[in-house]
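Single-structure report; data block below.
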Ligand SMILES: NC(=O)C1=CN([C@@H]2O[C@H](COP(=O)(O)OP(=O)(O)OC[C@H]3O[C@@H](n4cnc5c(N)ncnc54)[C@H](O)[C@@H]3O)[C@@H](O)[C@H]2O)C=CC1
Ligand SMILES: NC(=O)C1=CN([C@@H]2O[C@H](COP(=O)(O)OP(=O)(O)OC[C@H]3O[C@@H](n4cnc5c(N)ncnc54)[C@H](O)[C@@H]3O)[C@@H](O)[C@H]2O)C=CC1
Ligand SMILES: NC(=O)C1=CN([C@@H]2O[C@H](COP(=O)(O)OP(=O)(O)OC[C@H]3O[C@@H](n4cnc5c(N)ncnc54)[C@H](O)[C@@H]3O)[C@@H](O)[C@H]2O)C=CC1
Ligand SMILES: NC(=O)C1=CN([C@@H]2O[C@H](COP(=O)(O)OP(=O)(O)OC[C@H]3O[C@@H](n4cnc5c(N)ncnc54)[C@H](O)[C@@H]3O)[C@@H](O)[C@H]2O)C=CC1
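Chains as they are written, first to last, in the UniProt record's numbering: chain A, 1 to 375; chain B, 1 to 375; chain C, 1 to 375; chain D, 1 to 375.
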């Protein structure tokens, strides 16, 4: 670990995801044998005070209240962006300008136009990029992809996917960056996860017909505030989708789904079998395969047969948790930056996700089917 | 049982559902205390020979190869129609003309126009009608309806429903009445079940945007035949739906769903809770309710608390099976004909289901949202 | 159906199980193609009044308040005994003396001595016997047995079984025949079900070490009574068991198992696989089999591949219920009496079950391992 | 993090658990706000070479091939023992002699006599001790304990517990320290986990009757070796147990349980409710509570309501993994050493677990019930 070349990490944002990134950078070197050792060098948060406190808590060497200084800091090789969505574009563009590798939380941006700007800037500058669709890192998703790609369940005919949580189910859940009319909403926020999964497993989505619904028409302007402001984004989107390879199906994004905490789930139907999954049981993949008199869904449990599970534990039965997915993502990031393997999903892929979400939003407005624009 | 006035049953069709009806008529009097005792009097099937064999096997007193004689038979009070879909209209209209009560399998007909003709004839003649949406009879569905109707889960915001089976998943599954272009297809066949459930639990569907997909473009003309003919109906339909009360959601009908045998399932989301169900575990209802630190889905198991479970067994833990649902339906039929309680779903309700299915089909053709026509 | 030779049924007892038997005799001819057609001829209950009412409700031609007249009635060919346990011996011995086939509810008797008397009388008289261990009739249990017997999961090493319900969990659940010191108790009552299953699937149990526990030391003498009497039987028994073939394991019988309604469940471990089941999901069998990277429990759902499911329904996905198990049992009864197939479990097998239960009770008293006496 | 006083960690053994400890020490400071910051100072393994390689991989500053130098190293404050069981006693006694806090993997030792020696030495020296029963750290287990302790499910009547894995199911799985006659075997190895859970949740076990079974009578002497040696320890133990508070039940330990990867599971039955759990779904606790018509098991999912889940993630739905349990354990260790809170399970508790296991082994030899000796 100590003998590996270092790679300097600069983190912008120290909230929910900032802590998760910090943990991953700290943990990854002891679990994976990587070409570089990430070192937590500089942390930027909204103010110097919160930045300093978070740097101390999360083990970063230095702190700043101004992310602009971070993106040009000489000790920083990778800028990890875990700030609110609206900040992604300015931070990312500045980091690209600074020649840094950019590791940005999902969604890359809140509009396709903005995401396209970032993608083009990154490709022009030739900097490595990665977007934090961490659920793709699950060994069970890798297994699902292998099964589908190998034709093990035949030709794919149907996809039924969903990302449903309940964190906005309460009508008194307040406004936040997530409800910002500039590009928030359930489809853009968590819809991006299930869209990225659908693309990862079944391929590009060509067309969609969707309905975006605002369940709670006003929300408190701040936590606990009596003042309420209208909500202009969707709480719930249902979409019909058609895939490039001919499969058809539906996708739901719902952050007001009472009773659901992380139903990022899908059922993929093929002509010879099917696979099903929910993040609520993230260590299990259901695989249906035909065997006369023994037909049924087999519940496959994550284990050393399913890389990179073995990096965490040599024995089956010892499940992974959510934070471990971020560790896998960071391992892939560092390998990719060092030239080992392809960085995926990069900004171009994240733009394709965003275009899919926007086609859903356009369809909801137009009342008809909309094509997904190419990234 | 023996002292009850008799009610004469005439059965048209002695296949899968014919046997199921016969079993229900035979069993019902010993399980329910009914105002009439059904007596199996006359059975019609495609030929005199198959009719005679089935009558003997199923305990019917007489047999005929011509349903026209059945619908006017003096000993027949109720005509139960379990013949293929295309026969529903002629048999039903003749039975109405004969002044019989009519108990018809779902779907009432293969087009809304035909269903409307039947509904109007029945209402004009004033004969009692019932349509065999047997899944509505499940005590767990009754419980779900009570929960929703009582506001126990708050205002309904979302519905996610599906009827998925795999009996047409095999590209070599042959044509049958189910693939008849005159009105078959997955949406019309099993889609009618989930639409009837959606209406039963959440209310009328006003608008829909749908995509009907034919997965296997040709099928053998007969079982085992080498000759193949094009398929003109859908194997799979995905639909967005909007309910009268403001809820939105999606519905899928899929008879090529590899791995699914009876996923007639739904999740109904309310502002304060949720209920979820799949017919693959028909004795269970999942109810989510909030209780700090104890939140979660409760798996409620069918038992004597959930009428009419108690008619089958006085103790919990002794589950109902599919055939028991038909027995409950027949008990409701006999009570309804005797003037005890309302017959539901009657022809008007079945027409409303059919109109909903047709709006899906129209939407798939038009590419836009379509209103559901009132019944 | 009508053309089959009749076989006259006499039913003793018209409670929970009496109704269940009556339903099965009524339903069976329409579902199975049997050599004889059972006809409900005579019903005996505790009083002439209750007998008459039950006969009318359940479709029996005649009624009596005295079972002694039933067991010699010329029209009765089979005596079905669904009276309380303490009545089994006198009714059964009289029925044997009357030359009748005897179909007795489980447990055959409340002591091995009594069961042995009945077994010997039946074998001496050469009358057909069957005992109502209906759970053995489940197509999923038949599948489990086939899997084990074929060596599909290798040599059996472990058995973990249980029958847990909660009907006596309430300390105010009153005394009944089930708590009769002469032979009631959880081990004898529901323990007999899991012992019969264990024997059916894994073979004879040779030795046991057990602990019988009385959880509620007094109970009301009658429903609702303020007067309480001591309980002298077990509410819960845990037992270690050793099988003839070398497997070892544990068995629990528990009628005070808060939260369980019908956890008649087992996991059978073999050197190459395992099967698991619970009657709470009676249409599912879990089968574990090794396949690199795809290992896991497959949830096999009951369907036409699993006889005699097809007698109830030609399509998968239409589950069986508890009452259907009794129908299968009655079909086997009628075939066995007509000389088609072996009657199982007969009185000798039921005695073997009882001897196993008594060895558990002896062990609990002695504090050491006890051999199970041969039947 | 950086401003906290340091606490020096010395790790003995760098296999499966050694890596897991190293990860936990590295991660803990960024997740928990602790009074001390653990620093990875010295790692001992079997040889200087493997020690050096592991120290580099796991981020330890120095390495040694001789644990004797580690236990007296001035920079080491805590000795973490993750070496094979037979080494626990010498390493632990030397560490105590060196005045170190001792953090030892389970089982503390392979015999009660040895564990007692270690417990007495530690208590005499007054050094802090903790034993690695990490499964106790699960927020869901903490919730289960709170529920039981608060009387929420009434008086406890029954316990049904198990630790079943399949890593020795293969007859060709070789000998290792786990099969060492000096104290290995399934009961001692994984049985200690379920015994510690039983004690944690329900209290001390007073008596037991058990059967220890050796399923595979010989095993290869080394991985891949053709030479086989007899196995003198159990592969599977079934035990009846009686608790101090009157509850009774059964416990199974089984490392040849084909199909099970981590069935560390229990069902605790009370007079008013029940809780059930399996480590195979470690983020779920099932709680049964009575509510008329709504009775059933509620599946409670781990979330911020269940400390210390919030240390890992502020939102529900983001599950914990196995390695996170070790992080919680290490947080408790560091707080305990700093005088915040009680260290549990300490050596005395681990001895009590060991005495319970040994009573099972004695019972299996004697054929009768055995008292558990007090720690
Ligand atoms: N991959 C995943 O599963 C998840 C991704 N996310 C994404 O992560 C991003 C952050 O979300 P959360 O961590 O939940 O939000 P959060 O509100 O918990 O944290 C945001 C952080 O950014 C900081 N911040 C605000 N303004 C700043 C500025 N001008 N300069 C530097 N820092 C500033 C805040 O002080 C705070 O520490 C979002 O893009 C979100 O969509 C969030 C949750 C899960
Ligand atoms: N409620 C439910 O869950 C289900 C409803 N159904 C419905 O039941 C109806 C029948 O379907 P299945 O029983 O599956 O079909 P099936 O093909 O098994 O049986 C149809 C029967 O009708 C008979 N038949 C054909 N022509 C006839 C004629 N001219 N006169 C009299 N009988 C004639 C056939 O000989 C056969 O016995 C359909 O409307 C279907 O949609 C079917 C399965 C399940
Ligand atoms: N196979 C299974 O799954 C089950 C089997 N059983 C067994 O069935 C038997 C009956 O139990 P339940 O039906 O639950 O009891 P129950 O109390 O519901 O019914 C007993 C019936 O016997 C009648 N009876 C009492 N004295 C009589 C007499 N002298 N002559 C004629 N009838 C008399 C009663 O009036 C009552 O109708 C028992 O042996 C029990 O163990 C009970 C439940 C389930
Ligand atoms: N808490 C839990 O869930 C688990 C606990 N364990 C326990 O952890 C302990 C270790 O087990 P594993 O890590 O599975 O074994 P392992 O065989 O994977 O690792 C043992 C390590 O000890 C080293 N070692 C051997 N002799 C040594 C010596 N003389 N000096 C220093 N190091 C030496 C080996 O080189 C190896 O690195 C055991 O007590 C076991 O029971 C194991 C697995 C899970």
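Ideal placement from N, C-alpha and C gives every residue a C-beta, glycine not left out. The structure presented is a predicted model; accordingly, all values stated were derived computationally and were not measured.
Between which two residues does the beta strand (DSSP E) carrying residue i extend?
i: residue 242 of chain D; result: 236–243
i: residue 284 of chain D; result: 284–289
i: residue 130 of chain C; result: 129–131
Going by DSSP, name the residue or residues bridged to residue i.
i: residue 12 of chain D; result: D:44, D:81
i: residue 101 of chain C; result: C:78
i: residue 298 of chain D; result: B:298, D:287
i: residue 39 of chain A; result: A:8
i: residue 370 of chain B; result: B:208
i: residue 312 of chain A; result: Note: residue 312 of chain A sits in no beta bridge, so no partner.
i: residue 278 of chain D; result: D:265
Which residue comes first and which comes last in the alpha helix (DSSP H) that contains residue i?
i: residue 355 of chain C; result: 347–366
i: residue 63 of chain A; result: From DSSP, residue 63 of chain A is part of no alpha helix (DSSP H) but of the beta strand (DSSP E) over 62–64.
i: residue 326 of chain A; result: 322–337
i: residue 69 of chain D; result: 67–70
i: residue 121 of chain A; result: 112–125
Alpha helix (DSSP H) runs contained entirely in the UniProt domain "GFO/IDH/MocA-like oxidoreductase" (142–275) of chain C, provided each spans 4 or more residues: 186–189, 191–202
Given 8 angstroms, three or more beta-carbon pairs between the region 90–108 of chain D and the region 182–197 of chain D: yes
Segment contact, 8 angstroms Cβ cut-off, at least three pairs: the region 120–136 of chain B with the region 343–355 of chain B: yes
Stretch pair the region 23–40 of chain A + the region 319–338 of chain A: three plus CB contacts closer than 8 angstroms: yes
The region 175–186 of chain B contacting the region 272–283 of chain A, beta-carbon criterion three pairs below 8 angstroms: no
At least three beta-carbon pairs within less than 8 angstroms, the region 10–19 of chain B to the region 234–245 of chain A: no
Touch test, the region 136–145 of chain A against the region 163–180 of chain A, Cβ-Cβ under 8 angstroms, three pairs minimum: no
Meets three-Cβ-pair contact criterion under 8 angstroms: the region 51–59 of chain D and the region 148–158 of chain D: no
At least three beta-carbon pairs within less than 8 angstroms, the region 255–271 of chain C to the region 250–262 of chain A: no
Cβ contact check for the region 197–214 of chain B and the region 280–290 of chain B: 3 or more pairs under 8 angstroms: no
The region 154–172 of chain C touching the region 214–234 of chain C, judged by at least three CB pairs closer than 8 angstroms: yes
Cβ pair count under 8 angstroms reaching 3, the region 201–214 of chain C against the region 356–365 of chain C: yes
Touch test, the region 4–13 of chain C against the region 72–81 of chain C, Cβ-Cβ under 8 angstroms, three pairs minimum: yes
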